[in-house]
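In our numbering, the protein residues as written are 20 to 300.
Every residue, glycine too, gets a C-beta built ideally from N, C-alpha and C.
Treat the numbers as computed from the prediction; the structure is a model and nothing was measured.
Take a look at the structure set out below.
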């Protein structure tokens with residue numbers, strides 16, 4: 020998750036649905052997400068929903084992000100990318116390292132492992148250490164998972180983080196799911212440059228993912244702080260600036276798709292999902 024202003028709302032679970040703060044009382048769980056929980060955790064079907072409610076209550080107390088309130092923390096998104104099969108092959112067959120940046124409870128990490136990726140090649144970075152810890156509770160793998168997670172502020176406002184620095188230049192694929200919009204424009208550039216620093220120097224290393232965007236570039240104020248909705252054009256400009264600042268070259272492919280998720284509604288009718296592939300040349 021991104022660093023943002025602490026919301027003024029109480030961490031107490033709302034008693035009713037409230038899309039303004041991104042909270043849905045009734046569970047939202049598609050069949051693929053249920054299958055992941057059942058198969059990965061070896062959990063009987065009738066135990067899944069009570070288990071998820073218990074974890075959600077704990078996660079909301081850590082930080083009441085919309086991804087928690089709207090049940091997104093149990094829904095992997097990396098497997099919806101058009102390049103997902105090629106990403107999996109790169110890790111499985113070439114031994115490339117992949118980082119889930121802003122991994123929340125690590126649902127995408129577990130999805131990749133369920134799809135055959137060696138767990139020691141999958142890494143997770145998350146601001147909230149409590150989310151990482153709850154991920155082990157969610158997926159019941161605290162004693163078995165070999166993936167490495169670190170809790171760090173990607174903006175490094177308190178100075179360089181030695182744990183994060185240890186990963187610099189070692190990551191072949193960075194997955195950034197619903198992350199880049201969580202920052203204002205200036206911080207967004209800092210984040211893009213920090214991601215570039217993590218990326219391997221080899222040509223073909225890639226930053227891939229999706230974020231909220233808009234038909235018109237603009238900033239919005241949400242309960243969790245200031246967000247930036249990039250247009251296709253301004254998203255390309257972001258990465259052109261990051262490349263120039265870091266002395267590298269990128270090929271950027273970004274496409275806008277309709278924003279249909281309920282928690283997008285209060286951002287306006289022009290909200291879209293930007294799906295991107297930023298490849299090092």
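Span separating the alpha-carbon of residue i from that of residue j
i	j	result
residue 167	residue 292	29 Å
residue 294	residue 271	11 Å
residue 155	residue 66	17 Å
residue 82	residue 147	8 Å
residue 90	residue 99	17 Å
residue 21	residue 120	Its pLDDT being 40, under 50, residue 21 is placed unreliably by the model, and nothing is read from it.
residue 219	residue 265	13 Å
residue 3	residue 171	No information on residue 3 is available, as it lies outside the stretch 20 to 300 that the chain covers here.
residue 143	residue 165	11 Å
residue 159	residue 253	41 Å
residue 232	residue 259	17 Å
residue 107	residue 251	26 Å
Neighbourhood of residue i by C-beta distance below 6 Å, restricted to the same chain and skipping five residues each side
i	result
residue 96	196
residue 255	271
residue 131	141
residue 41	85, 88, 89 and 282
Own chain, CB closer than 7 Å to residue i, minus 5 neighbours either side, in chain order
i	result
residue 261	208, 211, 212 and 215
residue 300	222, 268, 269 and 270
residue 57	64 and 67
residue 87	75, 78 and 79
residue 123	20, 86, 92, 145 and 150
residue 32	76 and 79
Residue nearest to residue i in terms of C-alpha spacing, selected from the options
i	options	result
residue 190	109, 229 and 123	109
residue 234	217, 41, 273 and 162	273
residue 102	226, 152 and 41	226
residue 115	170, 145, 193 and 50	193
residue 44	289, 73 and 176	73
residue 173	165, 184, 164 and 163	184
residue 94	176, 41 and 48	48
residue 198	54, 238, 230 and 139	230
residue 163	179, 129 and 217	129
Residue i classed as buried or exposed, judged by whether at least 16 other C-beta atoms fall within 10 angstroms
i	result
residue 46	exposed
residue 52	buried
residue 85	buried
residue 23	Note that residue 23 scores 37 on pLDDT, short of 50, meaning its location in the model is unreliable and no value can be drawn from it.
residue 224	buried
residue 161	exposed
residue 29	A caution first: residue 29 carries a pLDDT of 45, below 50, which makes its placement in the model unreliable, though a value can still be read off. Residue 29 comes out exposed.
residue 188	exposed
residue 289	exposed
residue 126	buried
residue 240	exposed
Own chain, CB closer than 8 Å to residue i, minus 5 neighbours either side, in chain order
i	result
residue 182	169 and 171
residue 153	74, 77, 78, 81 and 124
residue 62	56, 70 and 159
Inter-stretch contact at 8 Å, needing at least 3 Cβ pairs: the region 99 to 114 / the region 135 to 144: yes
Segment contact flag, the region 236 to 253 with the region 198 to 206, C-beta cutoff 8 Å, min 3 pairs: yes
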